[in-house]
Every structure is written in structure tokens, then in C-alpha cells.
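Residue numbers (full-length UniProt numbering): 1 to 713.
No residue lacks a Cβ here, since even glycine has one placed at the ideal position from N, Cα and C.
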């Protein structure tokens, strides 16, 4: 990668480093300005658990990112601190290449040198993206207030700084799931600069200095992928790492037939290359050393199986995610008391069945709570069982899923008196009866309206929809997508999603559609790619808000329907940050100071001679009703429009278990049924505005997408 290696300003502060010796400079800056501030005290238990990891260099301490960022800005000023961190990010690929198995021995412990780039990036992120000091936090130290993400602002960068940060981040070699480029896109506000950075991304991939994680991000992200007009990027990705079918399908989706055909040809060429062991003839010269022929061949075989719907390889849960899930949901159960033990019980089983080596982690967590519980998980065997066969030797909540009394806590939103039953559809006979019932209703003069939702397990590597919920006014069907035969469930799904007299309601249902398409029994189902009359309730509510704001009495109307003010506890996500990420970052950053501290220090210096003028800032989220509503969760919208929230405690339960528990059945049925209640409320809203709701809904029907590459167009 071409880069002007100018002497960084901070270099003059050291006697040893010199521009001809960038590695020496890098080591000084890392150890003297960053890593020496990463010393955190650990408890005796934490020291024991980290001991073995420190020996092999895999231990990464919890770094106080806010504290380090504040120190750098106070000492060197905003602009200089940004420049120095950017220089470090630029030099890290060269540094890691020179010491691929090296470690940094610091006061913070033994740390792999390849783990430093994400640390430096996170510090840079904390310097540029800071809480908006004008944002008024809700009063009171309630649990809901603690979950509210602060409104953010950006310290503006020069065009040169933005370009250098982008180029440096693109080269960082990190895990694909690290989401560094997603954060960088938000931090640098790239969506407004795609004319410059779209072609730059193409150049980075073509020249080979984009990391595998960056290549995957560009293929997935619609704003970047449109700049790639050649299937050569597939060749590059295959020679860098384990490409997934979801990435390829996303990249080729909704492209011209000629482009999709070129993608197929590239994949078939890769398959032939793997079969004939001719990796060197396929791989560009500058990428030969990146991945290796053996791993390339295994990856191509797995990818082609997945693209054809014939997944034959390991589908086990990622060990890192399994370990994190054990810790996270144990805390929810034993400390926060948000989860019932029956939820944790099935999570432990799902992890233990797939990753027996994590038994010691489960036992260790249980021992801290109850020796008897620890003994249970020490002796339990997963032999001669399946992941769906969760042991049933613990007390479970039982009863009618429609009965609100079985739900602990609350109050939560419940079913109306019209709802008479919840039917779990898992036989041919029940599918036939359900299909006949829906088609009979659709044959009426006004057709029929129903609500849809899907659930899938988060505890498998290749997750797909396990159940599909279909809610009508008086009955809720829960379709067992996992176990029903393909020739039984697929004709019903084809009918449901293609029927023009069935108005279907969803809530951001594109995510559910993607999971339904992944189900083995529904692979290649055309109507899931081209659904008819499928409307999004969230988009309908946003449209009603926009229409209300055009009226003279708009404020009164919004107040009447509960969306005039953002209620306390609503979590508004910063753009570019995934749901749940803020909470995870809080746990990673413990030991740092208050997150708002940089808002006061990001543009000041402790040394009067180096003081900078206050930097211009960009406020990220304008405080409008539309932006607040568009980032709201389904539960918070129910609370605003219907008066009560949803009980979301079963959201992350194990949906592949059979039979489903009573609370799972209730949650699944309610998640779809609440959309009918929201639609009724929206209809009242539209009538007050004097606009036809049918027309508003038709504007927001789900868009069509391409069929899988190896199914057809």
C-alpha cells in the first residue's frame, strides 16, 4: 500500500525513534503513550482465569479506552492525537508481518501484537465520537434510563485525516465479526462521501492491501458493493479467507443477469480449481501467501455446498460466542434476575451438546451459585440425544399460553378476548387444516389480514428460522419449520407469501425473510424472495408521524398517540452501531471514566502553548420525532401506542428445542399478534388524519430480491 511516510510530529519528542526506523517509533509510541495506561487491577479469580491465557499470549485485558483517549487529547491536542493513532494503525500491518507470532510485553500483560490494532482503533473512535453535551439525560437512576444510549457528536476531521484513517482501517487484519469498518463508516460519515471512498475501496481490494474483513464488509454493504462491477472480488475473497454463502448472495443480489452469471462462472471456476488442486493458477500473485491451497480448497467445497443448500460441514456454535453467552445469560439469571432458570437450563444444554469442552465453564459458574447445580452439570451426558432434547428434569412454567397469569412480573401486553387458541402446527394434518382456514378467510370480499414473525436460535453457527408465527384475530398458528417435511410446508409457504388477497404485516420482516430462506425445507422458495402484500408496521408508523408533523395540530396528534416525546427508557441506537453493541462495549470498557468525559476535553489541552481552538463538531442524531420513532423497538412502540410493553425475556431462548415451553409459545404468539393491535391503533390514527391507511401501507410493501445464485433468476 502506498503511503507517504512523513515524520510524525510526536516523533520529535523521543530521542531514539527516527523516520528511517518506523518500527522503533511504533514501539515507543505504543508502550509509552498507550499500553502503559492499560494497567487494571484484577481480582484473584480473574488472575487465575487469565493465567493460562497469558502464557500463550491470548489474554487481552479490559482496556480503559475512555481514559487513554482523554490522556492523549489532554497531552497532545485533538488533531495531533488523531494523527498519531492513525500512524500507528498504518504501520501495524508491517509490524505484524515482521513479527507474526510476536508479543508485546507490557505492564498490562503479555498481549499478541496482532491484537493491538483494534485497541488503537477503539481509542481513536473514543476521541472522534463523543457524547453530545447538549443531550439531556432522563432524570432518575432507573434501569431504563441506564439503557438509554446518549446522543453522539463527531469531532470533525480534515479530508486528509479522513482519507488516511480509512486507508489504515481497511488494512487492519481482524476477525470478520469485529465490526471495525462498520464503526469507521459511522465515525468518518462515509455515507456522504461515497463518490470518493467507493472507488477507493475497489482499489484497496484490487491491489491486495484490503484485509479479508474489509473485503467481506465491502461485499455486504450496499453502499460499497455497487462500486464493484466485477466478480473478481469473489476471487480475491476466496484467496483471503473462509467466504460464506450469505456474503456471496448479498453481493450478487438484485444485480443484472449478466453480472450474476459472471459470479456463477467465477464460483464454478473456483470449484474446478479446488478439485484439480490448481490453486496457484487461480490466486493472484500478491495473495498467494495469505491463505494457502489446503484451506482454500476446504473453503470452496464448504461454500459451494452452502450455496446449493447442501450444508455438510461444521454447524456448531462459535466457541467465543458460546463462552460469551454462558457468561452473559448466567448474569441475567443469577444476578440481574431477568431470566428464569429454565431459559438458562436450555442454553447450557445447547452449548454443552455442541461444545463439550465448555463444561468446565458451565460448572464453574454454577458452583458460585449452588454446589448441587454444579454437580448436575458435571454429570449430565449428551450422548444418545439431540440438541432439541433438552432435559426436562427441572420445574417448568406450565399452563395455557393465552393465560397472562403464567407470566412472572409485568404487567405486559396480553391477548384480547377474541383470541381463542394457540396451535403448534407440526403435522401434515395440521398444515392442511391451517392452510384451508387461511384460504377460506382470504376468499372473502375483503380478503384477510394476518401478522407474521419468525424465531431462530442464536446458538448455532448456521442459524435458520425454526418457527413461523401467523396471527389472526382469533387464532395464532406456530408453524414448526424445523421438523415439517419439505413437500408439506413449502407449498403452504408459497401460497401464503404469493396470495394477493392475504395482507401480511411484519416488523422489519426482511430479517425474518432472510432466516426463512435459510431453512432447509424452504430453500429456493420463490415467494420468500418475491413476497406480495407484505407491509412493515414500523414504516407505517413512521409515515403516520411524518403526516402528523405536516398538520397544524401535529404536536397534539403525536401526543395523543404516544409518540410526541421519546419515553424514558427508549434505547436509540447510534447509526453504525448494532443493537446490543453499546451494552457489550460497557463491559469491555469497565475501568474507564464516565463516557461523557471526552465531550469536555476533546478540544482542549493542558498546555497553554499547545492549546487548540475548539474543533467543529457534527451532531449525529437530530432530535426529531421521526428519527426517534424509526429506531424504536417493537416493545417500546407497543408501550407508547398500546400502553404496555412486550415481555421480551424469551427472545434469546433456544428455539430449536422440542417441545417448546409454555412461555416460549406465549412469547412467539404475542410477538406476531401485537402487530394486529398496532395496526388497529394506526387505523384510528390514519382516520384522525383523514388519510386512507391502505394507501399508506401499500407504499411500504417489502421489496423483491433475487433468487439464490444456484437456484435460478
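Per DSSP, residue i forms a beta bridge with which residues?
| i | result |
| --- | --- |
| residue 534 | 504 |
| residue 477 | 423 and 470 |
| residue 456 | 465 |
| residue 129 | 154 |
| residue 448 | 502 |
Using only CA atoms, which one of the options lies nearest to residue i?
| i | options | result |
| --- | --- | --- |
| residue 735 | 223, 671, 219 and 323 | Absent from the model: residue 735. The displayed extent of the chain is 1 to 713, so no value can be given. |
| residue 356 | 377, 274 and 71 | 377 |
| residue 504 | 534, 518, 528 and 514 | 534 |
| residue 709 | 529, 680 and 182 | 529 |
| residue 197 | 216, 208, 227 and 183 | 227 |
| residue 478 | 507, 425, 526 and 472 | 425 |
| residue 738 | 215, 542, 272 and 223 | Given that the chain is displayed from residue 1 to residue 713, the structure contains no residue 738 and the question cannot be resolved. |
| residue 164 | 469, 261 and 188 | 188 |
| residue 542 | 527, 561, 525 and 553 | 561 |
| residue 667 | 639, 689, 678 and 635 | 635 |
| residue 409 | 521, 440 and 663 | 663 |
| residue 703 | 78, 536, 257 and 283 | 536 |
| residue 388 | 482, 440 and 423 | 482 |
| residue 134 | 499, 128, 326 and 153 | 153 |
| residue 245 | 308, 278 and 493 | 308 |
| residue 251 | 685, 34, 475 and 230 | 230 |
| residue 303 | 531, 689 and 266 | 266 |
| residue 677 | 352, 640, 88 and 318 | 640 |
| residue 82 | 288, 128, 346 and 486 | 128 |
| residue 526 | 157, 707, 629 and 346 | 707 |
| residue 486 | 510, 412, 282 and 428 | 428 |
Residue i: buried (16+ other C-beta within 10 angstroms of its C-beta) or exposed?
| i | result |
| --- | --- |
| residue 368 | exposed |
| residue 647 | buried |
| residue 407 | buried |
| residue 270 | buried |
| residue 275 | exposed |
| residue 294 | exposed |
| residue 381 | exposed |
| residue 379 | exposed |
| residue 70 | buried |
| residue 392 | exposed |
| residue 698 | exposed |
| residue 201 | buried |
| residue 102 | With a pLDDT of only 44 at residue 102, under 50, the local geometry of the prediction cannot be trusted, and the value read off the model is given with reservation. Per the 10 Å Cβ criterion, exposed. |
| residue 169 | buried |
| residue 131 | buried |
| residue 661 | buried |
| residue 416 | exposed |
| residue 84 | buried |
| residue 679 | buried |
Quick check: residue i and residue j, are their CB atoms within less than 7 Å of each other?
| i | j | result |
| --- | --- | --- |
| residue 675 | residue 451 | yes |
| residue 180 | residue 121 | yes |
| residue 183 | residue 125 | yes |
| residue 354 | residue 462 | no |
| residue 655 | residue 455 | yes |
| residue 374 | residue 363 | yes |
| residue 711 | residue 447 | no |
| residue 515 | residue 555 | no |
| residue 342 | residue 268 | no |
| residue 471 | residue 672 | yes |
| residue 488 | residue 421 | no |
| residue 442 | residue 493 | no |
Is any beta-carbon of chain C found at less than 7 Å from that of residue i?
| i | result |
| --- | --- |
| residue 152 | The structure shown contains no chain C; it is built from a single protein chain. |
Helix, strand or coil for residue i, going by three-state DSSP, please let me know.
| i | result |
| --- | --- |
| residue 155 | strand |
| residue 710 | coil |
| residue 412 | coil |
| residue 700 | coil |
| residue 389 | coil |
| residue 583 | Confidence in residue 583 is poor, its pLDDT being 37 and thus under 50, which makes the residue's placement too unreliable to answer from. |
| residue 228 | coil |
| residue 46 | Its pLDDT being 46, under 50, residue 46 is placed unreliably by the model, and nothing is read from it. |
| residue 254 | coil |
| residue 321 | helix |
| residue 300 | helix |
| residue 204 | helix |
| residue 356 | helix |
| residue 276 | helix |
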